[in-house]
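J.: What the sequence shown shows, in mature numbering (1 follows the signal peptide of the UniProt record, and there is no 0), is residues -31 to -1, 1 to 92, in sequence order.
Backbone N, C-alpha and C fix where the C-beta goes; we use that ideal spot for every residue, glycine too.
Let me begin by handing over the structure; questions about it come next.
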Amino acid sequence: MTCQGVEVDMRGRCSAGQRVLASLIIRLALAESFCCNCGILALDEPTTNLDSTNIEGLADALADLIEARRNSSNFQLLLITHDEEFVRKLVTGPTHPCDYYYRVAKDNDGFSFIRQCPVIDLQ
């Protein structure tokens, strides 16, 4: 990691959010390097411990990745999150990467169901 152009050892000096972000960057780089035709990227609660600046940066980076893979026939992003603001930033950005998303909810009897929701509802 670098801070103001100086390389800094991350061990014992980084916040939980910085470690999460570094982990995501490393995972994305490994997937890009070793998985030539791997079409799925799964992220479970990627905004955990991130501050608002890093959440926005992650949303922008994922939107760019989606845009770069738009013409790929086998790319899918599976994103599990409770952070609705993150979803809003991701899907309503300038590249507008998708038209809908899925939400898990419970009915009146307490049973879970999956609902397809239009992105326009987030705006």
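Going by the beta-carbon positions, is the gap between valine 60 and cysteine 67 smaller than 8 Å?
T.: In the sequence shown, residue 60 corresponds to position 91, counting from 1. In the sequence shown, residue 67 corresponds to position 98, counting from 1. Result yes, Cβ atoms of valine 60 and cysteine 67 sit closer than 8 Å.
J.: If the criterion is Cβ atoms closer than 8 Å, does the pair isoleucine 9 and glutamine -14 meet it?
T.: Locating residue 9 in the sequence shown gives position 40, counting from the first residue. Locating residue -14 in the sequence shown gives position 18, counting from the first residue. Against a cut-off of 8 Å, the Cβ pair of glutamine -14 and isoleucine 9 comes out as no contact.
J.: Can you tell me where the beta strand (DSSP E) holding valine 73 begins and where it ends?
T.: On the sequence shown, position 104 is the one that residue 73 refers to. Valine 73 -> beta strand (DSSP E) spans 69 to 75.
J.: Using the Cα positions of glutamate 14 and leucine 27, report the straight-line distance between them to the nearest angstrom.
T.: To locate residue 14, count along the sequence shown from 1; it is residue 45. To locate residue 27, count along the sequence shown from 1; it is residue 58. Those two C-alpha atoms are separated by around 12 Å.
J.: Assuming the contact rule is C-beta atoms closer than 8 Å, leucine 91 and arginine 57 should be a hit. Round their C-beta distance to whole Å, please.
T.: The residue given as residue 91 occupies position 122 in the sequence shown. The residue given as residue 57 occupies position 88 in the sequence shown. 5 Å between Cβ atoms; contact.
J.: For the alpha helix (DSSP H) containing leucine -8, list its first residue and its last residue.
T.: On the sequence shown, position 24 is the one that residue -8 refers to. Looking at the DSSP string, the run of the alpha helix (DSSP H) that includes leucine -8 is -16 to 3.
J.: Looking at leucine -11 and leucine 19, is the spacing between their C-beta atoms short of 8 Å?
T.: Within the sequence shown, the letter at position 50 stands for residue 19. Within the sequence shown, the letter at position 21 stands for residue -11. The answer is yes: Cβ separation under 8 Å.
J.: Based on the DSSP secondary-structure assignment, which residues constitute the bridge partners of alanine 11?
T.: Residue 11 sits at position 42 when you count from the first residue of the sequence shown. BP columns for alanine 11 point to Leu47.
J.: Under 8 Å Cβ to Cβ from leucine 47, same chain only, skipping five residues before and after it: list those, please.
T.: Here residue 47 refers to the residue found at position 78 of the sequence shown. Ile9, Leu10, Ala11, Leu12.
J.: Could you tell me which residues DSSP pairs with isoleucine 83 in its beta bridges?
T.: As a first step, residue 83 must be located in the sequence shown, where it is residue number 114. In the DSSP output, where bridge partners are listed per residue, isoleucine 83 has Val73.
J.: How close, in whole Å, do the beta carbons of valine 88 and tyrosine 70 come, if the pair is a contact with beta carbons under 8 Å?
T.: As a working mapping, residue 88 is identified with position 119 in the sequence shown. As a working mapping, residue 70 is identified with position 101 in the sequence shown. That belief holds up - the Cβ atoms of valine 88 and tyrosine 70 are roughly 6 Å apart, short of 8 Å.
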